[in-house]
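Chemist:
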Amino acid sequence: MLYSTLLSKQKMPILGLGTFDLRGEEGTSSVASAINHGYRHLDTALGYENHDAVGQGIAQSAIAREELFVTSKIPRDELSFDDIQRACERSLRELGLSYLDLFLVHWPNNDIPLADTLRGLAHLLDTGQVKNVGVSNFTTWRLREVLELDMAPIAVNQVEYHVYLNQEKLRSYCTANDITLVAYSPLAQGKLLKDEILTEIAARYEKTTAQIALRWLLQKEVAAIPRSQSPERQIANFDLFDFSLSPKEIERIDDIEEILRVIGFWPGEFEKGE
Ligand SMILES: NC(=O)c1ccc[n+]([C@@H]2O[C@H](COP(=O)([O-])OP(=O)(O)OC[C@H]3O[C@@H](n4cnc5c(N)ncnc54)[C@H](OP(=O)(O)O)[C@@H]3O)[C@@H](O)[C@H]2O)c1
Numbered sequence: 001m002l003y004s005t006l007l008s009k010q011k012m013p014i015l016g017l018g019t020f021d022l023r024g025e026e027g028t029s030s031v032a033s034a035i036n037h038g039y040r041h042l043d044t045a046l047g048y049e050n051h052d053a054v055g056q057g058i059a060q061s062a063i064a065r066e067e068l069f070v071t072s073k074i075p076r077d078e079l080s081f082d083d084i085q086r087a088c089e090r091s092l093r094e095l096g097l098s099y100l101d102l103f104l105v106h107w108p109n110n111d112i113p114l115a116d117t118l119r120g121l122a123h124l125l126d127t128g129q130v131k132n133v134g135v136s137n138f139t140t141w142r143l144r145e146v147l148e149l150d151m152a153p154i155a156v157n158q159v160e161y162h163v164y165l166n167q168e169k170l171r172s173y174c175t176a177n178d179i180t181l182v183a184y185s186p187l188a189q190g191k192l193l194k195d196e197i198l199t200e201i202a203a204r205y206e207k208t209t210a211q212i213a214l215r216w217l218l219q220k221e222v223a224a225i226p227r228s229q230s231p232e233r234q235i236a237n238f239d240l241f242d243f244s245l246s247p248k249e250i251e252r253i254d255d256i257e258e259i260l261r262v263i264g265f266w267p268g269e270f271e272k273g274e
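In the working numbering, the protein residues as written are 1 to 274.
Shown next as structure tokens:
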């Protein structure tokens with residue numbers, strides 16, 4: 001396993017399990033199976049309404065809490081100081097945990113003062129309920145606002161990032177400012193699996209197109225959280241550490257021209273540019 005070192009110096013496993021839509025008993029067994037197959041990083045959110053399933057999956061696995069890295073996210077209408085404290089308490093209760101490794105603002109919200117949100121995040125760090133804080137779906141100009149306020153150490157920005165949505169400019173900005181990028185929908189929800197260039201490179205390594213798409217992110221030091229409820233695909237998505245893409249192959253993938261955003265809950269958010 002490779003790790004990303006966060007601003008706090010805590011190590012985050014570079015590959016995690018996305019859990020959107022993994023609920024109930026199926027969700028629990030998917031999470032337990034992933035942990036038993038080596039996953040140590042789990043990504044959930046209050047909005048996924050699956051904290052109970054994720055928590056039970058953790059409890060069913062044979063792995064100690066301290067060996068896991070657990071992320072959750074705060075809904076965009078709960079970003080005031082008080083709401084953030086309540087969101088954290090609810091997350092911990094539902095997951096059955098005493099702390100979160102990472103707590104993210106799920107989506108920005110212009111109606112709630114950013115300073116209030118950042119003060120809320122900083123307070124959670126002070127109380128020890130969360131080890132790291134960050135944001136999700138923040139463009140460069142939004143990150144600049146956060147950094148200018150300088151009220152909470154933002155360790156992570158989690159964004160849609162895959163072969164069909166290359167976030168090179170955002171990556172440069174984050175690297176320069178010690179913010180670790182986490183790629184969500186790293187397989188473009190399956191829409192990149194038949195890509196010709198990925199297929200050609202995959203054949204060379206006897207790997208799948210999904211594995212090439214994930215490896216491409218890892219070699220850019222971008223963490224990835226693919227979701228799968230199938231133990232076979234979970235294992236395959238984790239089997240990325242015995243090969244490396246060459247700089248030329250990375251460049252070929254960088255040059256793929258297809259542009260696709262699969263998540264559009266707040267479509268206006270990205271119209272103002274990167
Ligand atoms: N911060 C945010 O706003 C945000 C937004 C979206 C997602 N996320 C996070 O990111 C995670 C991943 O994103 P995502 O769930 O949107 O999409 P994804 O991981 O790109 O794709 C998941 C889909 O691909 C299939 N799949 C997985 N591995 C495969 C493989 N090796 N071969 C073929 N198909 C495969 C899965 O089906 P099977 O289950 O049948 O394998 C599932 O339908 C989410 O679960 C969530 O934790 C965050």
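Quick reminder that beta carbons are idealized off the backbone N, C-alpha and C, glycines included.
1. Assuming Pro226 contacts Leu187 (C-beta within less than 8 Å), just tell me the rounded distance between them.
2. Please indicate yes or no: does the CB of Arg76 lie closer than 7 Å to some heavy atom of ligand 1?
3. Kindly identify the DSSP beta-bridge partner or partners of Asn157.
4. Which runs of the alpha helix (DSSP H), 4 residues or longer, sit entirely within the segment 68-97?
5. Using a threshold of 7 Å, is the CB atom of His106 nearer than that to any non-hydrogen atom of ligand 1?
6. Please tell me whether, using a cut-off of 7 Å, the distance from the CB of Lys304 to the nearest non-hydrogen atom of ligand 1 is below it.
7. Under a three-way DSSP split, which group does His41 fall into?
8. Let me check you understand the geometry: is the CB of Asn137 closer than 7 Å to at least one non-hydrogen atom of ligand 1?
9. Compute the minimum distance between the beta carbon of Phe20 and the heavy atoms of ligand 1, and state whether it is under 7 Å.
10. Apply the 10 Å Cβ neighbour rule to Thr5 and answer buried if 16 or more other Cβ atoms are within range, or exposed otherwise.
11. How about Thr127 and Glu274: are their beta carbons less than 8 Å apart?
12. Please classify Thr201: is it buried, with 16 or more other beta-carbons within 10 angstroms of its beta-carbon, or exposed?
13. For Leu187, is the beta carbon positioned less than 7 Å from some heavy atom of ligand 1?
14. Based on Cα-Cα distance, which residue from His51, Leu17, Lys11 lies nearest to Glu25?
15. Thinking C-beta only, is Trp216 closer than 8 Å to Leu245?
16. Among Leu95, Thr117, Tyr99, Leu97, which has the Cα closest to the Cα of Val105?
17. On a Cα-Cα basis, can you pick out the residue from Ser80, Gln85, Ile63, Leu102 that is closest to Ser72?
18. Let me know the alpha helix (DSSP H) ranges lying completely inside the segment 160-223, each 4 residues or longer, listed in chain order.
19. Can you list, in chain order, the residues of its chain with a C-beta nearer than 7 Å to that of Ser228? Leave out the 5 residues immediately preceding and following it.
20. Taking all protein chains shown into account, decide if Glu89 is buried (16 or more other Cβ within 10 angstroms of its Cβ) or exposed.
Modeler: With the given structure in hand:
1. 6 Å
2. no
3. Val135, Leu181
4. 81-95
5. yes
6. Past the edges of the chain, shown from 1 to 274, lies residue 304, and the structure says nothing about it.
7. strand
8. yes
9. yes
10. exposed
11. no
12. It should be pointed out that residue 201 corresponds to Ile in this sequence rather than to Thr. The residue is buried, with at least 16 neighbouring Cβ atoms inside 10 Å.
13. yes
14. His51
15. yes
16. Thr117
17. Leu102
18. 168-176, 196-205, 209-219
19. Gln234, Asn237
20. exposed
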